[in-house]
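Enquirer: Below is one structure. I have some questions about it.
Residue numbers (my numbering): 1 to 357.
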């Protein structure tokens with residue numbers, strides 16, 4: 001839980017140990033309570049005070065162990081329902097996590113997955129684990145298959161301001177930002193990431209007209225994000241709000257990992273430039289933000305000399321124009337993974353990152 005100071009110390013090992021021993025600890029506490037009952041006051045105000053304290057202790061214990069459990073606060077949909085783009089009720093300017101598997105495109109709106117934090121789906125016969133952490137602003141899609149079986153997960157809390165998942169088979173805890181198991185029998189294992197992008201639904205449909213779009217579970221209508229404050233960066237909440245300045249904890253960056261090198265790009269600089277040409281790990285790349293000032297893409301440039309500018313909703317290098325699919329009149333640009341997140345998140349999980357500019 002995000003208690004004061006809890007997210008800034010290395011506590012996941014202690015938390016995991018306590019969690020693993022929770023039933024013996026609970027049993028010991030019950031034994032201690034039973035042992036103390038004969039010595040409790042039998043008459044007078046002390047009797048009533050003891051009864052009130054016992055009830056209060058029981059209520060607090062139940063609330064903190066069960067009611068306040070992360071997977072009780074943020075529940076999973078009973079099923080993931082997808083509809084055609086023409087049938088969706090999601091506004092076209094809402095942000096989605098878009099993913100394509102074996103030619104089949106799907107879009108998961110942040111207004112839904114921001115509450116659920118994760119969900120398991122199947123795209124073109126392939127299981128996928130779609131995740132999103134609003135405290136880090138990180139969207140990731142992973143392959144959840146182990147030894148031919150689809151692993152099931154539950155939300156157990158947060159560490160270093162990032163959602164933590166527990167697998168059903170071994171009880172290992174996994175970090176959402178990079179898919180790494182931090183503690184448990186699968187410690188050190190990393191879930192294979194499936195490429196995804198964060199764009200407006202309108203932009204995604206333009207790129208993938210046949211896409212399917214997630215429909216929210218009616219049971220959680222009250223919990224789903226109604227306004228655009230989080231998506232547009234106008235929220236100023238402590239955990240999920242945005243700092244509009246550059247390089248502050250809650251400032252937005254676009255992070256790119258390539259060839260063993262990590263680099264963060266200031267979102268404000270990207271908005272101002274439209275497109276940023278850079279070289280990372282010796283490879284020329286370009287980042288571009290669409291005309292909607294929300295959708296963004298990253299590609300590998302064909303040569304260092306090929307400089308790109310944004311032209312509406314396309315990239316232009318001299319007379320050649322490329323759409324955000326990467327396709328152009330001559331060849332295509334190779335997409336590379338990039339993620340928009342809070343600066344504190346990218347810096348925490350990529351400690352050797354450099355900054356641009």
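Where is the CB? At the ideal position from N, CA and C, for every residue including glycine.
Source: prediction; values computed, not measured.
Out of curiosity, what's the CA-to-CA distance linking residue 335 and residue 312?
Expert: 19 Å
Enquirer: Please report how far the alpha carbon of residue 361 lies from the alpha carbon of residue 292, in whole angstroms.
Expert: Residue 361 lies beyond the range of the chain shown here (1 to 357); nothing can be said about it.
Enquirer: State the start and end residues of the unbroken beta strand (DSSP E) segment that holds residue 29.
Expert: First-last for residue 29: 22-36, but that is the alpha helix (DSSP H), not the beta strand (DSSP E).
Enquirer: CA-CA distance, residue 349 and residue 44?
Expert: 58 Å
Enquirer: What first and last residue would you give for the beta strand (DSSP E) that runs through residue 298?
Expert: 296-300
Enquirer: Please determine, among 354, 85, 339, the residue with the shortest C-alpha to C-alpha distance to residue 141.
Expert: 339
Enquirer: Inspect the beta-carbon positions of residue 182 and residue 12 and report whether they are closer than 9 Å.
Expert: yes
Enquirer: Please state the DSSP three-state secondary structure of residue 114.
Expert: helix
Enquirer: Taking the alpha carbon of residue 6 as the point to measure from, which residue in 108, 317, 157 has its own alpha carbon closest?
Expert: 157
Enquirer: Alpha carbons only, please: which of 165, 118, 122, 89 is nearest the one belonging to residue 16?
Expert: Of the listed residues, the one whose Cα sits closest to residue 16 is 165.
Enquirer: Quick check on residue 313: does DSSP put it in helix, strand or coil?
Expert: coil
Enquirer: Could you tell me how far apart the beta carbons of residue 97 and residue 130 are, in whole angstroms, since I believe they sit closer than 8 Å?
Expert: Confirmed, Cβ separation roughly 6 Å.
Enquirer: Just the C-alpha distance for residue 356 and residue 138, rounded to the nearest angstrom, thanks.
Expert: 19 Å
Enquirer: Could you tell me which of 196, 274, 160, 283 sits nearest to residue 9, measuring between CA atoms?
Expert: 160
Enquirer: Put residue 194 into one of helix, strand or coil per three-state DSSP.
Expert: coil
Enquirer: From the DSSP secondary-structure annotation, give me the bridge partner or partners of residue 279.
Expert: 284
Enquirer: From what residue to what residue does the alpha helix (DSSP H) around residue 162 run?
Expert: Not the alpha helix (DSSP H): residue 162 falls in the beta strand (DSSP E), residues 162-167.
Enquirer: Can you check DSSP and say which residues form a bridge with residue 349?
Expert: Residue 349 pairs with nothing; no bridge assigned.
Enquirer: Taking the C-alpha atoms as reference points, what is the distance between residue 230 and residue 301?
Expert: 32 Å
Enquirer: Just verifying my parser: in three-state terms, what is the DSSP assignment at residue 229?
Expert: helix
Enquirer: In three-state DSSP terms, what is residue 144?
Expert: coil
Enquirer: For the alpha helix (DSSP H) holding residue 71, just list the boundary residues, first then last.
Expert: 70-73
Enquirer: Is it buried or exposed, residue 305, if we count other Cβ atoms within 10 angstroms and call 16 or more buried?
Expert: exposed
Enquirer: Take the Cβ of residue 317 as the centre, count every other Cβ of all protein chains shown within 10 Å, and call the residue buried at 16 or more, exposed below.
Expert: Answer is buried; the Cβ neighbour count reaches 16.
Enquirer: Are residue 247 and residue 233 touching if we call contact CB-CB under 9 Å?
Expert: no
Enquirer: By a C-beta neighbour count over all protein chains shown, 10 Å radius and 16 as the cutoff for buried, is residue 168 buried or exposed?
Expert: exposed
Enquirer: Just checking my contact of residue 271 with residue 256 at CB under 8 Å: how many whole Å lie between their CB atoms?
Expert: In fact, because the Cβ distance is near 17 Å, the residues do not count as touching under 8 Å.
Enquirer: Can you tell me the Cα-Cα spacing of residue 61 and residue 226, whole angstroms?
Expert: Rounded to the nearest angstrom, the two C-alpha atoms are 33 Å apart.
Enquirer: Assuming residue 347 and residue 353 form a contact by the criterion Cβ under 8 Å, report the distance between their Cβ atoms to the nearest whole angstrom.
Expert: 6 Å
Enquirer: Taking DSSP as the reference, what is the three-state secondary structure of residue 7?
Expert: helix
Enquirer: Is it buried or exposed, residue 190, if we count other Cβ atoms within 10 angstroms and call 16 or more buried?
Expert: exposed
Enquirer: Can you list, in chain order, the residues of its chain with a C-beta nearer than 7 Å to that of residue 74? Leave out the 5 residues immediately preceding and following it.
Expert: 115, 116, 117, 155
Enquirer: Pull up the DSSP beta-bridge partners for residue 339, would you.
Expert: 255
Enquirer: Assuming residue 323 is part of the beta strand (DSSP E), what are its boundary residues?
Expert: First-last of the beta strand (DSSP E) with residue 323: 320-323.
Enquirer: Let's test the definition: count the other Cβ atoms within 10 Å of the Cβ of residue 25 and tell me whether it reaches 16, buried, or not, exposed.
Expert: exposed
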